[in-house]
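What follows is a single structure, written as structure tokens, with notes after it.
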Amino acid sequence: MKIITAVFGGSSPDLASCPKSAQPEFALIGRSNVGKSSLINMLTRSEGLAKVSQVPGKTQLINFFTINNAWNLVDLPGYGFAKVGKKGRRGFSEFVSDYLRNRPNLLGTFVLIDSRLSPQDLDLEFLHWMVSSGLAFILVFTKTDSLSKQAARKNIEAFLDRMREITEEPPSHVLSSSRDGLGRSAILDLIDAALSEQSGTPA
Ligand code: GDP
Numbered sequence: 084m085k086i087i088t089a090v091f092g093g094s095s096p097d098l099a100s101c102p103k104s105a106q107p108e109f110a111l112i113g114r115s116n117v118g119k120s121s122l123i124n125m126l127t128r129s130e131g132l133a134k135v136s137q138v139p140g141k142t143q144l145i146n147f148f149t150i151n152n153a154w155n156l157v158d159l160p161g162y163g164f165a166k167v168g169k170k171g172r173r174g175f176s177e178f179v180s181d182y183l184r185n186r187p188n189l190l191g192t193f194v195l196i197d198s199r200l201s202p203q204d205l206d207l208e209f210l211h212w213m214v215s216s217g218l219a220f221i222l223v224f225t226k227t228d229s230l231s232k233q234a235a236r237k238n239i240e241a242f243l244d245r246m247r248e249i250t251e252e253p254p255s256h257v258l259s260s261s262r263d264g265l266g267r268s269a270i271l272d273l274i275d276a277a278l279s280e281q282s283g284t285p286a
């Protein structure tokens, strides 16, 4: 998959105001500071397309990026900051769950996990919600450049181990680093395959 154009397509505060685009969409979600904006910039090779946040948890909008005039990358608000509100222990907003459950053109969801950390309850709680809602996802372990291969592997194995408490199906996963580009082609290949499958043409 070659990315020729990547254009910011606007922000929405709720599902109702999301663009009525019929283009296939791929969403990215994870804890604030997990490296979501950096990953979007790395995938699109557009420095500064998604703002790399200095204030964690600030963005509470769904941001749309149109790629090659053909599909959208969707930046969902990070979860896991107390400021998100008293509303739920879940730590992510109603409109994120609304979007994930009800967006008709959503074709895939990437859940980002920080490979530097041991398994975090917030991530596991979110994934538990995804599984119990019947929503499919691919895990992306971010920031693998900032620790040794063995240390990253240890955290990733521990995380996948904890996932067994949530689902019998071992989740697909990708290792990434926005610093050195690791995971870029794997993620774009997954998107390419999903697009081809949807349109009925071989990848
Ligand atoms: P977001 O809040 O999930 O959008 O995270 P950002 O993309 O804004 O990144 C949060 C912080 O992590 C920033 O200081 C980034 O420079 C840093 N970061 C993001 N991705 C990587 C990565 O792949 N490797 C390293 N070492 N740092 C990263």
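Mapping of the sequence shown onto this note's numbering: position 159 corresponds to residue 242, and the numbering continues sequentially without gaps. By construction, the Cβ of each residue, glycine as well, lies at the ideal position given by its N, Cα and C atoms.
Alpha carbon to alpha carbon, how far is Asn146 from Glu240? Give it in angstroms, no decimals.
-> 31 Å
In three-state terms, what does DSSP make of Arg267?
-> helix
The beta strand (DSSP E) spanning Thr225 covers which residue range?
-> Ile221 to Thr225
Flag Asp272 as yes when its Cβ comes closer than 7 Å to any non-hydrogen atom of the ligand GDP, and as no otherwise.
-> no
Beta-carbon gap between Leu122 and Phe148 smaller than 8 Å | no
Tell me, to the nearest whole angstrom, how far the beta carbon of Pro160 is from that of Val179; I am working on the premise that it is less than 8 Å.
-> 6 Å
Own chain, CB closer than 6 Å to Gly168, minus 5 neighbours either side, in chain order = At Gly168, the pLDDT of 47 sits below 50, so the modelled position is not reliable and the matter cannot be decided from this model.
Could you tell me how far apart the beta carbons of Ser268 and Thr227 are, in whole angstroms, since I believe they sit closer than 8 Å?
-> Contact flag wrong, Cβ pair sits at about 15 Å.
Determine which residues share a DSSP beta bridge with Phe242 and list them.
-> Partner(s): none; Phe242 has no beta bridge.
With burial defined as no fewer than 16 other Cβ atoms inside 10 Å of the residue's Cβ, what is the status of Asp204: buried or exposed?
-> exposed
Verify the CB distance criterion: does Leu190 have a CB-CB separation below 8 Å to chain B?
-> Protein chains in the displayed structure number just one, and chain B is not present.
Assuming Glu108 contacts Asn152 under a Cβ cut-off of 8 Å, what Cβ separation, rounded to an integer in Å, is found between them?
-> At roughly 14 Å, the Cβ-Cβ gap does not stay under 8 Å, so Glu108 and Asn152 are not in contact.
First through last residue of the alpha helix (DSSP H) which encompasses Ile87 | First-last for Ile87: undefined, no H or E at that position.
Extent of the continuous beta strand (DSSP E) run through Asp44 = Lying before the first or after the last residue shown, residue 44 is absent from the chain, which here runs from 84 to 286.
Beta-carbon proximity check, Leu230 vs Val194, cutoff 8 Å | no
Can you give the beta carbon distance from Asp206 to Arg114, rounded, assuming they're within the 8 Å contact cut?
-> 7 Å
Please indicate yes or no: does the CB of Asp228 lie closer than 7 Å to some heavy atom of the ligand GDP?
-> yes
Check Leu183 in the structure and name its three-state DSSP category.
-> helix
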